[in-house]
Amino acid sequence: MTEYSSNTTNHTFHIPVMGTGFTIDTPLKVARYGISSSISLVDDVLIEQVRKFYCQQENEPYEEITNSSDDSRARRITAYLNLVDRLVRRQVEELQRSPFEKESEITKYYEMLPDDSPLKNEYAEMLATADQSKKSALQEILRTKAVPGSIDVNIMTKLDRDRYNKGEKLSPIYADAMSALRGFAESTLNSSMVFSAGINKRLYRYMTEFKDFFPNANGEMKKKIILKVSDHRSSEIQGRFLAKLGLWASEFRIESGLNCGGHAFASKGFLLGVVLEEFKRKKAELLKKLIPMYAKGLSEQGACDARLPDDFRITVQGGVGTADEHQFLLKYYGVNSVGWGTPFMLVPEATHMDDVNIKRLMNASDDDVYLSDASPLGIPFWNLRSSTSEDKRRERIEKGKPGSSCPKGFVGFNTEFTKMPICVASRAYINKKLKLLAKESHPPKALDIIKERILAKACICHELGGNATVPLGIDPEADSTVCCGPGIVDFCKIATLREMLDHIYGRFSLLKSSDRPHMFVKELGLYIDYLRKEIDNFPVGLAVNSASFLEGMRENLFKGIEYYQALSSELVEDSQEKFLAGLKNMKKALEPLSLDKAEL
Numbered sequence: 321m322t323e324y325s326s327n328t329t330n331h332t333f334h335i336p337v338m339g340t341g342f343t344i345d346t347p348l349k350v351a352r353y354g355i356s357s358s359i360s361l362v363d364d365v366l367i368e369q370v371r372k373f374y375c376q377q378e379n380e381p382y383e384e385i386t387n388s389s390d391d392s393r394a395r396r397i398t399a400y401l402n403l404v405d406r407l408v409r410r411q412v413e414e415l416q417r418s419p420f421e422k423e424s425e426i427t428k429y430y431e432m433l434p435d436d437s438p439l440k441n442e443y444a445e446m447l448a449t450a451d452q453s454k455k456s457a458l459q460e461i462l463r464t465k466a467v468p469g470s471i472d473v474n475i476m477t478k479l480d481r482d483r484y485n486k487g488e489k490l491s492p493i494y495a496d497a498m499s500a501l502r503g504f505a506e507s508t509l510n511s512s513m514v515f516s517a518g519i520n521k522r523l524y525r526y527m528t529e530f531k532d533f534f535p536n537a538n539g540e541m542k543k544k545i546i547l548k549v550s551d552h553r554s555s556e557i558q559g560r561f562l563a564k565l566g567l568w569a570s571e572f573r574i575e576s577g578l579n580c581g582g583h584a585f586a587s588k589g590f591l592l593g594v595v596l597e598e599f600k601r602k603k604a605e606l607l608k609k610l611i612p613m614y615a616k617g618l619s620e621q622g623a624c625d626a627r628l629p630d631d632f633r634i635t636v637q638g639g640v641g642t643a644d645e646h647q648f649l650l651k652y653y654g655v656n657s658v659g660w661g662t663p664f665m666l667v668p669e670a671t672h673m674d675d676v677n678i679k680r681l682m683n684a685s686d687d688d689v690y691l692s693d694a695s696p697l698g699i700p701f702w703n704l705r706s707s708t709s710e711d712k713r714r715e716r717i718e719k720g721k722p723g724s725s726c727p728k729g730f731v732g733f734n735t736e737f738t739k740m741p742i743c744v745a746s747r748a749y750i751n752k753k754l755k756l757l758a759k760e761s762h763p764p765k766a767l768d769i770i771k772e773r774i775l776a777k778a779c780i781c782h783e784l785g786g787n788a789t790v791p792l793g794i795d796p797e798a799d800s801t802v803c804c805g806p807g808i809v810d811f812c813k814i815a816t817l818r819e820m821l822d823h824i825y826g827r828f829s830l831l832k833s834s835d836r837p838h839m840f841v842k843e844l845g846l847y848i849d850y851l852r853k854e855i856d857n858f859p860v861g862l863a864v865n866s867a868s869f870l871e872g873m874r875e876n877l878f879k880g881i882e883y884y885q886a887l888s889s890e891l892v893e894d895s896q897e898k899f900l901a902g903l904k905n906m907k908k909a910l911e912p913l914s915l916d917k918a919e920l
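Printed below as a string of structure tokens:
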């Protein structure tokens with residue numbers, strides 16, 4: 321069986337994890353074309369349902385792993401990932417055998433590559449070769465180079481709920497994130513684990529129990545580690561922690577704090593370009609710090625003979641929408657890959673979404689896509705106001721039955737009213753919280769905000785899965801949460817996979833208007849909106865952040881504007897004027913925002 325390295329890629333973009341359902345089987349759709357993507361490991365119930373679906377579709381043997389089965393969560397994940405691995409390998413073998421003819425799989429593979437890639441040039445050379453013998457020889461070489469994208473997985477480190485049996489807490493290894501890690505570690509995949517939402521020390525330590533995370537004599541690891549971070553400080557803290565354990569962060573995946581889909585982790589005003597500049601400037605320094613720690617950590621783990629790494633990858637994602645932005649990130653900041661997430665929600669060949677929601681997404685306006693309080697984790701969450709999930713949430717409130725039945729409980733962490741943790745989006749919690757709120761004394765403005773936040777909570781751990789279970793026919797009546805990023809409003813039509821790649825590489829445009837702001841200006845505007853809302857909530861004691869944090873955010877945003885003004889000369893010439901005008905407007909909007917001027 322051919323072994324493919326998880327670092328092998330012929331594209332300059334990747335598809336990040338999106339919710340639990342949007343990208344649950346994306347590798348089965350795109351990996352054979354050399355495109356890397358990530359599967360969420362949050363919902364093992366969904367994973368088991370999708371495994372059953374594909375086993376039936378592909379005539380693979382299926383034996384159910386029930387909730388009551390021993391170590392069911394880890395085993396479900398392992399079984400599904402092994403299935404995906406097998407099916408993708410099968411797809412790649414078929415693709416490599418296909419003829420170099422119009423619309424064939426291998427032709428599609430090469431035509432979708434970026435035009436400036438060395439491999440695309442080899443393909444062009446083959447096409448231009450008249451000598452049939454030489455042409456056939458070149459085709460055989462190209463077949464071996466048509467390798468798949470990486471089948472990566474994602475764990476949101478905060479979702480590490482402890483498990484109970486008859487009221488007794490089980491061993492930590494059965495906690496949600498721990499079980500998911502074990503499921504991936506014991507799979508056949510040669511790929512990467514993406515950790516998001518910050519450090520989880522017990523989870524990171526648990527990796528040392530699995531040999532696939534450690535290098536062989538050549539320094540190669542079957543399972544690699546990707547850390548999703550929002551700033552350089554986070555990468556250094558997490559990178560050092562792992563290195564001391566003999567674990568190497570092969571990639572730091574930088575994500576915009578606010579200009580993203582799903583959960584939004586607002587930083588202290590550290591804008592994406594500023595963060596990328598720091599990574600660019602300090603990469604060699606960070607590498608120099610981590611390698612000696614890693615060598616010592618390996619030695620303590622008994623793996624001192626392995627060849628040490630000489631690099632790590634830097635990738636970025638969050639709000640990119642044009643080929644010019646894509647190329648700028650690659651060339652100016654030197655990143656290895658750019659993540660394209662939200663636009664792929666309109667590409668059925670790559671992701672899942674039910675027919676009703678995809679039509680609503682196509683027609684979404686800026687007002688329809690908003691930073692909500694929907695997440696039970698208490699983290700701002702990008703939401704589509706017109707989704708079927710939001711329709712049903714508002715309907716339950718109108719009927720006097722707010723809250724979810726909480727069918728899965730992956731975010732059940734609250735013990736305010738119960739001994740056993742429950743979810744703050746559950747009907748049980750919301751009813752108790754509203755009764756308590758009625759007895760408390762709050763100013764009218766604060767009362768309205770608090771009540772709105774309570775009622776805003778949605779059952780995202782189940783309803784994000786509806787995006788897969790509805791179109792696959794697993795649960796046709798399910799409601800679906802749509803956690804698109806704000807950039808979705810720039811796209812308005814369903815696209816084929818080839819059209820989206822042509823858009824990414826500048827061969828075609830899917831934008832509905834050329835009036836779209838630059839991704840850096842868009843993110844800046846999102847931070848200003850966030851700061852404005854925090855300042856409005858501060859006088860009634862409902863701001864999420866402290867006064868010093870908000871003052872620091874304002875100061876950092878001004879510094880970011882200065883940085884972007886200096887950077888503007890590096891942009892494509894015909895976009896400089898528009899970029900600078902956008903910055904000028906943002907600065908004007910930022911200037912009056914101050915806690916000193918808040919209505920205390």
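With the numbering used here as the guide, the letters of the sequence shown map in order to residues 321 to 920.
Even glycine gets a Cβ: it sits at the ideal position worked out from N, Cα and C.
Helix, strand or coil for residue 659? Go by DSSP, reduced to three states.
For the purposes of this step, residue 659 is taken as the residue at position 339 of the sequence shown. Strand at residue 659.
Supposed contact pair residue 342 and residue 876 - C-beta distance, whole angstroms, cut 8 angstroms:
Taking the sequence shown and counting its residues from 1, one reaches residue 876 at position 556. Taking the sequence shown and counting its residues from 1, one reaches residue 342 at position 22. With 8 angstroms as the limit, residue 876 and residue 342 do not qualify as a contact, their Cβ atoms being about 32 angstroms apart.
Could you give the C-beta distance for residue 478 and residue 697, rounded to a whole number, given that I count them as a contact under 8 angstroms?
As a working mapping, residue 478 is identified with position 158 in the sequence shown. As a working mapping, residue 697 is identified with position 377 in the sequence shown. Going by Cβ atoms, the distance from residue 478 to residue 697 rounds to 6 angstroms, so yes, they are a contact pair.
Please give me, in chain order, every unbroken run of the alpha helix (DSSP H) with length at least 4 that falls completely inside the region 522-585.
552-564
Beta-carbon proximity check, residue 551 vs residue 590, cutoff 8 angstroms:
On the sequence shown, residue 551 is found 231 positions in, with the first residue counted as 1. On the sequence shown, residue 590 is found 270 positions in, with the first residue counted as 1. For residue 551 and residue 590, yes; Cβs fall inside 8 angstroms.
Relative to the alpha-carbon of residue 274, which residue among 633, 577, 376, 394 has its alpha-carbon at the smallest distance?
Missing from the structure shown is residue 274; the chain here goes from 321 to 920 and no further.
Using only the alpha-carbon positions, how far apart do residue 857 and residue 760 sit?
The sequence position of residue 857 within the sequence shown is 537, counting from 1. The sequence position of residue 760 within the sequence shown is 440, counting from 1. Using only the alpha carbons, I get a separation of about 19 angstroms.
Residues bridged to residue 488 [DSSP beta-bridge criterion]
If you number the sequence shown from 1, residue 488 lands on position 168. In the DSSP output, where bridge partners are listed per residue, residue 488 has 485.
Test item: CB-CB of residue 577 and residue 569 under 8 angstroms
The residue given as residue 577 occupies position 257 in the sequence shown. The residue given as residue 569 occupies position 249 in the sequence shown. Their beta carbons are not under 8 angstroms apart, which means residue 577 does not touch residue 569 by this criterion.
Whose C-beta lies closer than 7 angstroms to the C-beta of residue 548 among residues of the same chain, with five residues either side of it excluded?
Sequence index remark: in the sequence shown, residue 548 carries index 228 (1-based). Correct list, in chain order: 514, 515, 516, 573, 575.
Between the C-alpha atoms of residue 606 and residue 554, what's the straight-line distance to the nearest angstrom?
To locate residue 606, count along the sequence shown from 1; it is residue 286. To locate residue 554, count along the sequence shown from 1; it is residue 234. Each residue's Cα considered, the two are about 12 angstroms apart.
Taking the continuous alpha helix (DSSP H) assigned at residue 376, which residues delimit it?
Here the question's residue 376 lines up with position 56 in the sequence shown. Residue 376 -> alpha helix (DSSP H) spans 364-377.
As assigned by DSSP and simplified to three states, the class of residue 862:
Locating residue 862 in the sequence shown gives position 542, counting from the first residue. Coil, per DSSP.
Whole-number beta carbon distance between residue 887 and residue 593, since they are thought to touch under 8 angstroms:
Residue mapping note: residue 593 aligns to position 273 of the sequence shown, counting from 1. Residue mapping note: residue 887 aligns to position 567 of the sequence shown, counting from 1. So it is a contact: roughly 6 angstroms between Cβ atoms.
I need the DSSP call for residue 334, collapsed to helix, strand or coil.
Working through the sequence shown from its first residue, we reach residue 334 at position 14. It is a strand residue.
Contact under 8 angstroms by Cβ, residue 443 with residue 354:
Along the sequence shown, one-based indexing puts residue 443 at 123. Along the sequence shown, one-based indexing puts residue 354 at 34. It is not a contact, given that the beta carbons lie outside the stated cut-off.
So what does residue 515 bridge to, in DSSP terms?
If you number the sequence shown from 1, residue 515 lands on position 195. Partner(s): 475, 547.
Could you tell me the distance, in whole angstroms, from the CA atom of residue 537 to the CA atom of residue 625?
As a first step, residue 537 is located in the sequence shown; it is residue number 217 there, counting from the start. As a first step, residue 625 is located in the sequence shown; it is residue number 305 there, counting from the start. Straight-line Cα distance between these residues: approximately 6 angstroms.
Please go through the same chain and pick out, in chain order, the residues whose beta-carbon is closer than 8 angstroms to the beta-carbon of residue 717, but skip the five residues on each side of it.
As a working mapping, residue 717 is identified with position 397 in the sequence shown. Hits under 8 angstroms: 775.
Quick one: measure Cβ to Cβ for residue 512 and residue 472, integer angstroms, because I've assumed they're closer than 8 angstroms.
Mapped onto the sequence shown, residue 512 falls at position 192. Mapped onto the sequence shown, residue 472 falls at position 152. Their Cβ separation, rounded to whole angstroms, is 5 angstroms, which keeps residue 512 and residue 472 in contact under 8 angstroms.
Anticipated Cβ contact below 8 angstroms, residue 563 with residue 527, distance rounded:
Here residue 563 corresponds to residue number 243 of the sequence shown, with the count starting at 1. Here residue 527 corresponds to residue number 207 of the sequence shown, with the count starting at 1. Their Cβ separation, rounded to whole angstroms, is 12 angstroms, which puts residue 563 and residue 527 out of contact at 8 angstroms.
Heavy atom of the ligand MG less than 7 angstroms from the Cβ of residue 555, yes or no?
This structure simply doesn't include the ligand MG, nor any ligand for that matter.
Keeping to the same chain, check which residues put their C-beta closer than 7 angstroms to that of residue 402; ignore five residues upstream and five downstream.
Reading the sequence shown from its first residue, position 82 is the one you call residue 402. Excluding positions up to five away in sequence, the list reads 507, 508.
Does DSSP put residue 920 in a helix, a strand or coil?
The residue given as residue 920 occupies position 600 in the sequence shown. Per-residue confidence for residue 920 stands at a pLDDT of 44, beneath the threshold of 50, marking its modelled position as unreliable; the derived number appears in the next sentence. Reduced to three states, the DSSP call for residue 920 is coil.
Should residue 884 go down as buried or exposed, given a rule of 16 or more other Cβ atoms within 10 Å for buried?
Within the sequence shown, residue 884 is the residue found at index 564, counting from 1. That one is buried.
Candidates 433, 713, 770, of which the one nearest residue 827 by Cα:
In the sequence shown, residue 827 corresponds to position 507, counting from 1. Minimum Cα distance to residue 827 is reached at 433.
Can you tell me the Cα-Cα spacing of residue 491 and residue 510, whole angstroms?
Here residue 491 is taken as the residue at index 171 of the sequence shown, counted from 1. Here residue 510 is taken as the residue at index 190 of the sequence shown, counted from 1. Taking the straight line joining both Cα atoms gives about 28 angstroms.
Excluding five sequence neighbours on each side, which residues of the same chain lie with their C-beta closer than 6 angstroms to the C-beta of residue 339?
Position 19 of the sequence shown, counted from the start, is the residue given in the question as residue 339. Cβ neighbours of residue 339 beyond the five flanking positions: 784, 803.
Proximity below 8 angstroms, CB of residue 335 to CB of residue 350:
On the sequence shown, residue 335 is found 15 positions in, with the first residue counted as 1. On the sequence shown, residue 350 is found 30 positions in, with the first residue counted as 1. It is a contact, given that the beta carbons lie within the stated cut-off.
Could you check what DSSP says for residue 627 in three-state terms: helix, strand or coil?
For the purposes of this step, residue 627 is taken as residue 307 along the sequence shown, with counting starting at 1. Correct three-state label for residue 627: coil.
Tell me which residues share the same chain as residue 386 and place their Cβ nearer than 7 angstroms to its Cβ, disregarding the 5 neighbours each side in the sequence.
Translated into positions along the sequence shown, residue 386 becomes position 66. Same-chain partners within the cutoff: 392.
Exposed or buried, what is residue 740 when buried is set at 16 or more other beta-carbons lying within 10 Å of its beta-carbon?
Here residue 740 refers to the residue found at position 420 when the sequence shown is read from its first residue. Exposed, since its Cβ has fewer than 16 Cβ neighbours within 10 Å.
Please classify residue 484 as buried or exposed, where buried requires at least 16 neighbouring CB atoms within 10 angstroms.
Sequence index remark: in the sequence shown, residue 484 carries index 164 (1-based). Exposed, since its Cβ has fewer than 16 Cβ neighbours within 10 Å.
Sequence-distant residues of the same chain with beta carbon closer than 7 angstroms to residue 671, five excluded per side:
Locating residue 671 in the sequence shown gives position 351, counting from the first residue. Excluding positions up to five away in sequence, the list reads 338, 342, 343, 346, 664, 665.
For residue 271, which option in 822, 845, 915, 409 has the closest C-alpha, if you only look at C-alpha atoms?
Given that the chain is displayed from residue 321 to residue 920, the structure contains no residue 271 and the question cannot be resolved.
Can you give the Cα-Cα distance for residue 409 and residue 598, rounded to whole angstroms?
The count along the sequence shown starts at 1 and reaches residue 409 at position 89. The count along the sequence shown starts at 1 and reaches residue 598 at position 278. Computed Cα separation, rounded: 39 angstroms.
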